[in-house]
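If you're matching positions, the sequence shown starts at 0 in numbering that gives the first Met the number 0 and goes up one per residue.
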Amino acid sequence: MKIYFAASIRGGRDDWASYLEIVRQLREYGEVLTEHIGDAELGAAGEDIGDRNIHDRDLGWLKSSDCLVAEVTTPSLGVGYEVGKATEWGKPVLCLYRPAEGRSLSAMIAGSNGLTLKEYQSANELNQIFEHYFRSR
C-alpha cells in the first residue's frame, strides 16, 4: 500500500516530532511516500526545489497513492488542497486532529462526509486508530 502523509510545512513546523512518529507508525501499513514531512531538518520554508516542482511532484505522489493520511491540527493551505484533491479523486482519506482549547477545526474538514476524522491526544492513541482504519479496509 502506498500512503501519502500530509501535514503542515509552511503553515508551521511546531508538530514535526508528532509527524515523525506518525510516519514511523504508518510504515507498518505500507510505503509512506512523503516521509520527509517528519524530518527535523525540514523548516517552515520547505524544500528548496521550487514551488512548481513541489506542487507537481506531490500531486503525482498523491495520485499514485492508495490513501491519504493528513494531520490537520496545524492549519495548512497545502494540506487542505491535498485533502480536497484526494476526496475529488475518490481516495480514502484519514484526517487526524488533536483538539485543544482555543483551537477549532475547519468546517470543511469537520463537515466532510468524504473523509474519516479521528481525534487523538497523544501518539499512543495512533496505533489503535491506524490498526482499525487500515485493517478494516
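The beta-carbon is built from N, C-alpha and C at its ideal position, and this holds for glycine as well.
Nothing here was measured: the structure is a model prediction, and the numbers come from that model.
By the 16-neighbour rule on beta-carbons within 10 angstroms, TRP15 is buried. If you look at ALA69, you'll find it in the beta strand (DSSP E) that goes 66-70. In the structure shown, THR86 falls within a helical segment according to DSSP collapsed to helix, strand and coil.
DSSP places TYR18 in the uninterrupted alpha helix (DSSP H) bounded by 15-25. In this model, SER17 and TRP60 are separated by some 22 Å (Cα to Cα). Within the same chain, Cβ atoms closer than 7 Å to the Cβ of TYR96 are found at VAL71, THR72, LEU104, LEU116, GLU118, the five residues on either side in sequence being excluded. Burial state of LEU76 is exposed, judged by a 10 Å Cβ sphere holding fewer than 16 other Cβ atoms.
By a beta-carbon distance limit of 8 Å, VAL82 does not contact ALA6. Their separation comes to about 11 Å. Here the alpha carbons of LEU125 and ARG56 stand approximately 28 Å from one another. According to the DSSP assignment, GLU40 belongs to no alpha helix (DSSP H), since it is labelled neither H nor E.
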